[in-house]
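Undergrad: Heads up: the sequence shown begins at 3 in the numbering used here, then just goes up one per residue.
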Amino acid sequence: MPQATAAGETYDYVIVGAGSAGCVLANRLSADPNVRVAVVEAGGKDDWIWFHIPVGYLFAIGNPRADWCFKTEPEAGLNGRALSYPRGKAIGGSSAINAMIYMRGQAADYDHWRQLGLAGWGWDEVEPLFKSHEDHFLGPNAHHGKGGEWHVEFPRITWPLLDVVRAAAGQAGIASIDDFNTGDNEGACYFHVNQKRGLRWSAARGFLKPVLNRPNLDLVTTGHVERVMVEAGRATGIVLRGNEGQRTLRARREVVLAAGALGSPQLLMLSGIGPAEHLKAKGIDVVLDKPGVGANLQDHLQLRLVYKVQGIGTLNQRYHSLPGRIGMGLEYALFRRGPLTMAPSQLGIFTRSDPGQERANIEFHVQPLSLDKFGDPLHRFPAFTMSVCNLRPTSRGTIRLKSADPLAPPEIRPHYLTTEEDRQVAADSIRVARRLAAQPALSPYHPEELLPGPTISNDDEAALARAAGDVGTTIFHPVGTAKMGLATDPLAVVDGRLKVYGIEGLRVVDASVMPTITSGNTNSPTIMIGEKGARMILEDARA
3 MPQATAAGET YDYVIVGAGS AGCVLANRLS ADPNVRVAVV EAGGKDDWIW FHIPVGYLFA
63 IGNPRADWCF KTEPEAGLNG RALSYPRGKA IGGSSAINAM IYMRGQAADY DHWRQLGLAG
123 WGWDEVEPLF KSHEDHFLGP NAHHGKGGEW HVEFPRITWP LLDVVRAAAG QAGIASIDDF
183 NTGDNEGACY FHVNQKRGLR WSAARGFLKP VLNRPNLDLV TTGHVERVMV EAGRATGIVL
243 RGNEGQRTLR ARREVVLAAG ALGSPQLLML SGIGPAEHLK AKGIDVVLDK PGVGANLQDH
303 LQLRLVYKVQ GIGTLNQRYH SLPGRIGMGL EYALFRRGPL TMAPSQLGIF TRSDPGQERA
363 NIEFHVQPLS LDKFGDPLHR FPAFTMSVCN LRPTSRGTIR LKSADPLAPP EIRPHYLTTE
423 EDRQVAADSI RVARRLAAQP ALSPYHPEEL LPGPTISNDD EAALARAAGD VGTTIFHPVG
483 TAKMGLATDP LAVVDGRLKV YGIEGLRVVD ASVMPTITSG NTNSPTIMIG EKGARMILED
543 ARA
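(1) Exposed or buried, residue 362, counting other C-beta atoms within 10 Å across all chains shown (16 or more means buried)?
(2) Counting only the same chain and skipping the five closest in sequence on each side, list residues whose C-beta sits under 7 Å from that of residue 218.
(3) For residue 228, verify whether its CB is less than 6 Å away from any heavy atom of the ligand ATP.
(4) Given this structure, state the Cα-to-Cα distance separating residue 557 from residue 205, to the nearest angstrom.
(5) Are the CB atoms of residue 406 and residue 505 nearer to each other than 7 Å?
(6) When we look at the beta-carbon of residue 156 and count the other beta-carbons within 10 Å, is it buried (16 or more) or exposed?
(7) In three-state DSSP terms, what is residue 322?
(8) Using DSSP with H/G/I as helix, E/B as strand and the rest coil, what is residue 354?
(9) Ordered along the chain, which non-local residues of its own chain (more than five positions away) have a Cβ less than 7 Å from that of residue 319?
(10) Kindly indicate the opening and closing residues of the alpha helix (DSSP H) around residue 457.
(11) Between which two residues does the alpha helix (DSSP H) holding residue 431 run?
(12) Three-state secondary structure (DSSP) at residue 515?
(13) Assign residue 233 to buried or exposed, taking buried as 16 or more other Cβ atoms, counted over all protein chains shown, within 10 Å of its Cβ.
(14) Given residue 223, which residues of its chain have a CB within under 7 Å of its CB, disregarding the five upstream and five downstream residues?
(15) Would you give the residue range spanned by the alpha helix (DSSP H) that residue 102 belongs to?
(16) Measuring straight from C-alpha to C-alpha, what distance separates residue 374 and residue 341?
(17) Quick check on the DSSP output: the beta strand (DSSP E) that includes residue 310 runs from which residue to which?
(18) Flag this pair as yes or no: are the beta carbons of residue 102 and residue 345 separated by less than 7 Å?
(19) Would DSSP call residue 544 helix, strand or coil?
(20) Judging by CA-CA distance, which residue of 481, 357, 448, 479 is the nearest neighbour of residue 427?
(21) Is the separation between the beta-carbon of residue 192 and that of residue 311 shorter than 7 Å?
(22) Going by DSSP, which residues form a beta bridge with residue 70?
(23) Would you list the residues sitting across from residue 387 in a DSSP beta bridge?
(24) Can you check whether the CB of residue 151 is closer than 7 Å to the CB of residue 208?
(25) Taking buried to mean at least 16 other C-beta atoms within 10 Å of its own C-beta, is residue 5 buried or exposed?
(26) Using the C-alpha atoms, what's the distance from residue 53 back to residue 99?
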């Protein structure tokens, strides 16, 4: 595994971040043996067993070995609570610790980007990019590819309880479908997962590790990037600091930020690119006043509804039974199947919070388990969780610097539930969940609502909104903090080719460029952005 060692070493491309998009960029840009590429990852290697066994997310999230362990500021919309805000701390980025759910979103998400003036970002243009790197169990067909680096499987475990919930969805008018990724994800379906034979399939495993033997690709895991160097209006490299002190990596062609929706805006601001008054207040010289850097933060807030059940199995019982634990371990060791292969959620339901919605606007993640919060043990009684999130929130938050210290965590303010529209969708989402739980398919198992609790009336809008604030938590989908937009958009940070306005030789290629959040899990859209960004970089180099 090559390492850059000499201070001031020069590359054609320097990529900051070996996360979901960065791994794709490193793969694609280094395919030309005449081009030298460095990819820098402060999180280090993925050399821990729980990065690879799917259920390892339970041990990785909140563990400083695998997670940057960020926290939000106290949120008024969450009744003053602050949330843990996990981000992956290893090559592969958050794909090393996330839910492994393969989800593109809806065709209308991307068509909306095109309608904003972003040519080339419509569904008809991005779906071929998704297909180009897929190795999908349903492919090859009209919607899926085969033989690519991004492996997608059907889950290797089923639960009778989830079949019952899916049947209840059908009774509530939500049809069962076979695939969420055809452009319209409305319906109930088991999530397809980024796994291969019972192991997590991260972006590092799919895109980066297979090409680390290329002599023109260096993976640098021995430093933390402090800033982008800008000389005469052009990005010329990066400054990073490690155990051996400060060093520079210079870029002949481009510096590409792929540090994620938190890391990329933070690094831009540390480099003097961002809201001028904020930078001055932190003692940072302003290189370019760019108000959109760190603005436009969007995330999916999940409302966790928990139902106690009777007479049907859940993971809670198996977890608290010694024979159950031994059986789970043997099932995984012998067959790579069973609960140790579980993604955090297995069954998905996409529907509308009210009949007036033009398309599905809420997503359920259904789990045959329950706990008070991530990191806590499972409950000792049988129960299941229906988490529901607003797919297209109108609340907008910010990422800001806490200080000029590059090692300081960013200030994260998602501003959840700060619009009346989001509070209404939250209240309606709880009502939809209760309607699902009341269907005849579930009645033999006597579902009993534990969270938010039966004392909160469906008719009390204010109480439902407060309950959403009490039970809401991030589902780990921050995007939008260096948004794509036209030059006339005052908050646009990059153009439709992901070039930073006002700085030559600098792009952002990750989830932060999304102008609006996609309607579903955001990891695979970020992989697609990496694919498209790499193609744009290569096209512009040939021009």
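All C-beta atoms, glycine included, are put in the ideal place defined by N, C-alpha and C.
TA: Working from what's here:
(1) buried
(2) 32, 35, 37, 38, 39
(3) This structure lacks the ligand ATP, and indeed carries no ligand of any kind.
(4) Absent from the structure is residue 557, since the part of the chain shown begins at 3 and ends at 545.
(5) no
(6) exposed
(7) coil
(8) coil
(9) 326, 384
(10) Taken as a continuous stretch (DSSP letters only), residue 457 belongs to no alpha helix (DSSP H), as it is neither H nor E.
(11) 422-439
(12) helix
(13) With fewer than 16 Cβ atoms within 10 Å of its Cβ, residue 233 is classed as exposed.
(14) 43, 46, 47
(15) Premise fails: residue 102 is in no alpha helix (DSSP H) and is neither H nor E.
(16) 20 Å
(17) 303-310
(18) yes
(19) helix
(20) Here the closest residue by C-alpha is 357.
(21) no
(22) Partner(s): none; residue 70 has no beta bridge.
(23) 308, 369
(24) yes
(25) Any answer about residue 5 is weak, because its pLDDT of 43 lies below 50 and its placement is not dependable; what the coordinates show is given next. Counting Cβ neighbours within 10 Å, residue 5 comes out exposed, since fewer than 16 surround it.
(26) 6 Å
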